[in-house]
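Asks:
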Amino acid sequence: MSRFENKTAVITGAGAGMGRESALRFAREGANIVVVDLKEQAALETVELIKSEGGTAIEVVCDVAKKEQVTNLMETANKKFGSIDILFNNAGVPMSSIPTEDVTEELTDKLIDVNLKGVFYGIQAVIPYMKKQSSGVIINTASINAVRPRPLNSMYSATKAAVITLTKSLALELAEHNIRVVGINPVASETGMLQGFIGEGDYNAGKQKFASTVPLGRLANPKDIANSVIFLASEDAYMITGSCVDVDGGRGV
Numbered sequence: 125m126s127r128f129e130n131k132t133a134v135i136t137g138a139g140a141g142m143g144r145e146s147a148l149r150f151a152r153e154g155a156n157i158v159v160v161d162l163k164e165q166a167a168l169e170t171v172e173l174i175k176s177e178g179g180t181a182i183e184v185v186c187d188v189a190k191k192e193q194v195t196n197l198m199e200t201a202n203k204k205f206g207s208i209d210i211l212f213n214n215a216g217v218p219m220s221s222i223p224t225e226d227v228t229e230e231l232t233d234k235l236i237d238v239n240l241k242g243v244f245y246g247i248q249a250v251i252p253y254m255k256k257q258s259s260g261v262i263i264n265t266a267s268i269n270a271v272r273p274r275p276l277n278s279m280y281s282a283t284k285a286a287v288i289t290l291t292k293s294l295a296l297e298l299a300e301h302n303i304r305v306v307g308i309n310p311v312a313s314e315t316g317m318l319q320g321f322i323g324e325g326d327y328n329a330g331k332q333k334f335a336s337t338v339p340l341g342r343l344a345n346p347k348d349i350a351n352s353v354i355f356l357a358s359e360d361a362y363m364i365t366g367s368c369v370d371v372d373g374g375r376g377v
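For the sequence shown, my numbering begins at 125 and goes up steadily by one.
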């Protein structure tokens, strides 16, 4: 299938996990991929994987919390491929279980900078390109924690809840320009970020604890997330905008 032939997808946090799997899936369906990550080596590895399968991709090292860097990212993507058709705002940082009174200012700033401002800056920078072509899809990674918060996770949940509201507001604002804005609410996934949620505790015990809260009996994996992202970006989902889809195995019910 080539649902995204001649389209360009910019994917943040694409150096690993859900972002990498989504990048590979988009490339397999014909899209040009802009692999964005803070870690250059991770981004290069994703690009090489895409190219090894015959796809087209470039890497851009970018701190999504820095507005100027995000603006330059979109300029680079548009200059290279001539359009930006899909933006997957996937970059994010986790938070382990911490009593609210112990959450530091440094962690608070990091969560807000990456999880919220990083999403906003990406959308803000891509809007002019999508308006000019009168089309585009923006997909934001929120979290099932925004819908059904866990204790000891307040600031993380708050930043992801803000992403849901941002998604809904921008869907209304951009609909007249034929730009769709949607979100996903993943449950904890088996990626490198899982350790960040577990913290310093035993990894396997923490993983088991998370999985026990999911009615379907397991955590998500990158392919589960990529399946949802690919669908939401496709023409099959044309009438979906402003929605944030729970990809959570039933945890949010």
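Every residue gets a Cβ at the ideal spot worked out from N, C-alpha and C, and that includes glycine. Fair warning: this is a prediction, and the values are worked out from it, not measured in the lab.
Using the three-state DSSP reduction, which class does F205 fall into: helix, strand or coil?
Replies: Helix.
Asks: Which runs of the beta strand (DSSP E), 3 residues or longer, sit entirely within the segment 276-324?
Replies: You should have 303-310.
Asks: S367 to K292, Cα distance in whole Å?
Replies: Approximately 7 Å between the Cα atoms of the pair.
Asks: As a quick exercise: from L343, Y362, V371, pick the residue whose alpha carbon is nearest that of N351.
Replies: Of the listed residues, the one whose Cα sits closest to N351 is V371.
Asks: Is N239 helix, strand or coil by DSSP?
Replies: In the structure shown, N239 sits in a helix (DSSP, three-state: H, G or I).
Asks: Grab the span of the alpha helix (DSSP H) containing G143 for me, first residue to last.
Replies: From DSSP, the alpha helix (DSSP H) with G143 extends over 141-152.
Asks: Exposed or buried, A329, counting other C-beta atoms within 10 Å across all chains shown (16 or more means buried)?
Replies: That one is exposed.
Asks: Going by the beta-carbon positions, is the gap between S176 and Q257 smaller than 7 Å?
Replies: Going by C-beta atoms, S176 is not nearer than 7 Å to Q257.
Asks: Quick check: the Cα distance between V261 and T195, rounded to an integer number of angstroms?
Replies: Spanning the two alpha carbons is a distance of roughly 18 Å.
Asks: K204 and I182 look like a contact to me (Cβ under 8 Å); what is the Cβ gap, rounded to whole Å?
Replies: Correct: roughly 6 Å between the Cβ atoms.
Asks: With contact counted as at least three CB pairs below 8 Å, one residue from each stretch, are the segment 265-276 and the segment 297-304 in contact?
Replies: No, because fewer than three Cβ pairs between the segment 265-276 and the segment 297-304 fall closer than 8 Å, the two stretches do not touch.
Asks: So is the beta-carbon of L276 under 6 Å away from any non-hydrogen atom of the ligand SAH?
Replies: Questions concerning the ligand SAH fall outside what the structure shown contains, since it holds no ligand whatsoever.
Asks: Which partner residues does I263 have in the DSSP bridge list?
Replies: According to DSSP, which records beta bridges pairwise, I263 is partnered with F212, V306.
Asks: Buried or exposed: which applies to T283, given that a residue is buried once 16 or more other Cβ atoms fall within 10 Å of its Cβ?
Replies: Buried is the call here.
Asks: Do the segment 346-363 and the segment 133-148 touch if we need at least three Cβ pairs shorter than 8 Å?
Replies: The segment 346-363 vs the segment 133-148: in contact.
Asks: So for E183, helix, strand or coil by DSSP?
Replies: Note: E183 maps to strand in three-state DSSP.
Asks: So, helix, strand or coil for I222, using DSSP?
Replies: Three-state result, I222: coil.
Asks: Is it the case that the Cβ atoms of A312 and L340 are separated by a distance below 7 Å?
Replies: Against a cut-off of 7 Å, the Cβ pair of L340 and A312 comes out as no contact.
Asks: DSSP beta-bridge partners for V353?
Replies: None, per the DSSP bridge assignment.
Asks: Quick test of the definition: if touching needs 3 or more C-beta pairs under 8 Å, does the segment 152-168 touch the segment 227-234?
Replies: Output reads no: the segment 227-234 does not touch the segment 152-168.
Asks: To which residues of the same chain is D348 closer than 7 Å at the C-beta, ignoring the five residues directly before and after it?
Replies: Correct list, in chain order: V371.
Asks: Look up E250 in the DSSP assignment and say whether it is helix, strand or coil.
Replies: As written in the sequence, residue 250 is Val, which differs from the Glu given in the question. Reduced to three states, the DSSP call for V250 is helix.
Asks: Considering Cα atoms alone, identify which of L162, S336, T265 is closest to D187.
Replies: For the residues L162, S336, T265, the minimum Cα distance to D187 belongs to L162.
Asks: Going by DSSP, which residues form a beta bridge with T132?
Replies: DSSP output for T132 lists N156 as bridge partner(s).
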